[in-house]
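Worksheet for the structure shown next.
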């Protein structure tokens, strides 16, 4: 592994880094690598505990694992950096169910997918790194290419998936519903998960947008989601968080009017730094959408809706960007305008949503489910990053050994934007190939740092 890292580090200051990186084709791949895993024999460790009390630090382990066989259409990448998403939190607390069921189901598909059915699960759905090897049939990517990986794993053997790959019956999220994920020194991906690494970003910055940026793009911009247009009022829950921070940027750059909902003055200030003028601090303003564990309070929906109209000059949201789920969904349905759209994913506060259907049915509103993104949407979202229209929202970076702590902070909502993880990269700040372009965007790249 050190030989691989030595080549990548030598390329950092080289006049022709691409030529040096191509020599990785001749560097032997080690027999094993370090990876962050959960273990099948520990899936009952949190039984009886409330979700909030389940600690990812106890379930995530850094261990040496064998390098799996590389299959047709696949690529082996040296992972320089990754990031923590909420699906890593779910995996680490074994909710809503242990991911080993996903791995067993995938393992039954073919002799090749049987590799994924193991008593450990290498987690992580983001990665930035360098291609080391490609399997038979791969022509677009070669050893030495600097890449980021999106997390759509799809077989594309079914006709259903060829209109929208997210509709393929064998669609999975890499590192969550498959093994060999990105929180590791090496990772195996399908070659069509790879995209060019934006040259002005560090490894940790490049790794952080993948899952959430693509998810926000489909959910808000794509015709498969809310199909946002100029002038739309967009209510964005958690607008400074992993998903919301990208939705806020997309709304601003797409000519929409974001109304950002946050939970602290610090988060409100981040939204203003991004360019958003309309911000609601739901904690400071005391919104309590549930009067007790079982009963919602419609008077609070109405107060919240009045506050939105006060900020917008009388307009209700055309689009509600929903991802908290149970805690906010009733309010989201209520405040959307007549004919408006509530587009939802994730449900980080609970999957069982309750709302008053009169406000949906009689006002002709729509609820649209959205899940990650197809390859085209992921590519377009990455292109926006490369163009400098959308920026990574990295706030903090951990070492691979500290992944459990990173996941714990995401679980407890003690983070802003995205939380990165250095895998093979020995330090932050490496991997930049276009310093001039970076200099133009540096204030935007740093606006989440240290918050």
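In this note's numbering, the protein residues as written are 2 to 452.
Glycine is no exception: its CB is placed at the ideal position from the N, C-alpha and C atoms.
Neighbourhood of residue i by C-beta, 6 Å cutoff - its chain only, sequence neighbours within 5 removed
i	result
residue 194	150, 151
residue 138	73, 74
residue 212	86, 126, 127, 152
residue 41	101, 120
residue 171	156
residue 255	229
residue 329	238
residue 347	324
residue 389	442
residue 6	425
residue 146	132
residue 31	2
Whole-Å CB distance - residue i paired with residue j, under 8 Å assumed
i	j	result
residue 241	residue 405	So it is not a contact: roughly 24 Å between Cβ atoms.
residue 78	residue 130	5 Å
residue 282	residue 263	6 Å
residue 373	residue 153	6 Å
residue 181	residue 123	5 Å
residue 416	residue 397	7 Å
residue 301	residue 289	6 Å
Cβ-based burial, residue i [other Cβ within 10 Å; buried from 16]
i	result
residue 169	buried
residue 352	exposed
residue 22	buried
residue 363	exposed
residue 455	Outside the displayed range of the chain (2 to 452) lies residue 455, so it cannot be described from this structure.
residue 155	buried
residue 287	exposed
residue 318	buried
residue 444	exposed
residue 141	exposed
residue 158	exposed
residue 24	exposed
residue 333	buried
residue 57	buried
residue 161	exposed
Cross-strand partners of residue i (DSSP beta bridge)
i	result
residue 154	173
residue 83	422
residue 306	Note: residue 306 sits in no beta bridge, so no partner.
residue 322	237, 344
residue 259	235
residue 299	The partner list for residue 299 (beta bridge, DSSP) is empty, contrary to what the question assumes.
residue 368	343
residue 531	As displayed, the chain neither begins before 2 nor continues past 452, which places residue 531 out of reach and without an answer.
residue 360	Residue 360 is not bridged to any residue.
residue 148	130, 197
residue 66	34
residue 77	134, 189
Residue interval of the beta strand (DSSP E) (run including residue i)
i	result
residue 11	Note, residue 11: premise wrong, no beta strand (DSSP E); alpha helix (DSSP H) at 3-11.
residue 105	Where residue 105 is concerned, there is no enclosing beta strand (DSSP E), although the alpha helix (DSSP H) it sits in stretches over 101-108.
residue 198	Per DSSP, residue 198 belongs to no beta strand (DSSP E) and is neither H nor E.
residue 282	279-282
residue 162	Element bounds for residue 162: n/a, residue is neither H nor E.
residue 209	That residue, residue 209, is in no beta strand (DSSP E); it is neither H nor E in DSSP.
residue 416	Element bounds for residue 416: n/a, residue is neither H nor E.
residue 400	395-400
residue 333	No beta strand (DSSP E) contains residue 333, which is instead part of the alpha helix (DSSP H) from 330-336.
residue 60	Taken as a continuous stretch (DSSP letters only), residue 60 belongs to no beta strand (DSSP E), being part of the alpha helix (DSSP H) at 57-60.
residue 492	A query on residue 492 cannot be resolved here, the shown segment of the chain reaching from 2 to 452 and no further.
residue 291	291-293
Cutoff 8 Å; reference residue i; Cβ partners in own chain excluding five residues on either side
i	result
residue 186	2, 34, 35, 36, 79, 80, 401, 424, 425
residue 114	107, 108
residue 223	374, 378
residue 231	255, 256, 257
residue 435	200, 201
residue 4	28, 29
Residue range of the alpha helix (DSSP H) that includes residue i
i	result
residue 270	266-275
residue 37	Here residue 37 belongs to no alpha helix (DSSP H); instead the beta strand (DSSP E) covers 33-40.
residue 249	245-254
residue 135	From DSSP, residue 135 is part of no alpha helix (DSSP H) but of the beta strand (DSSP E) over 128-135.
residue 219	No alpha helix (DSSP H) holds residue 219; DSSP gives it neither H nor E.
residue 381	376-388
residue 411	404-412
residue 1	Only positions 2 to 452 of the chain appear in the structure, and residue 1 is not among them; the question remains open.
residue 98	No alpha helix (DSSP H) contains residue 98, which DSSP labels as neither H nor E.
residue 23	18-23
residue 444	436-446
Residues of its chain near residue i, where Cβ-Cβ distance is below 7 Å and the 5 sequence neighbours each way are ignored
i	result
residue 411	85, 87, 90, 420
residue 267	452
residue 61	37, 39, 93, 404, 405, 408
residue 183	80, 83, 125, 126, 127, 128, 150, 176
residue 383	149, 196
residue 198	129, 147, 148, 149, 207
Residue i: CB within 6 Å of a non-hydrogen atom of the ligand MG
i	result
residue 306	Among the components modelled here there is no ligand, and therefore nothing to report on the ligand MG.
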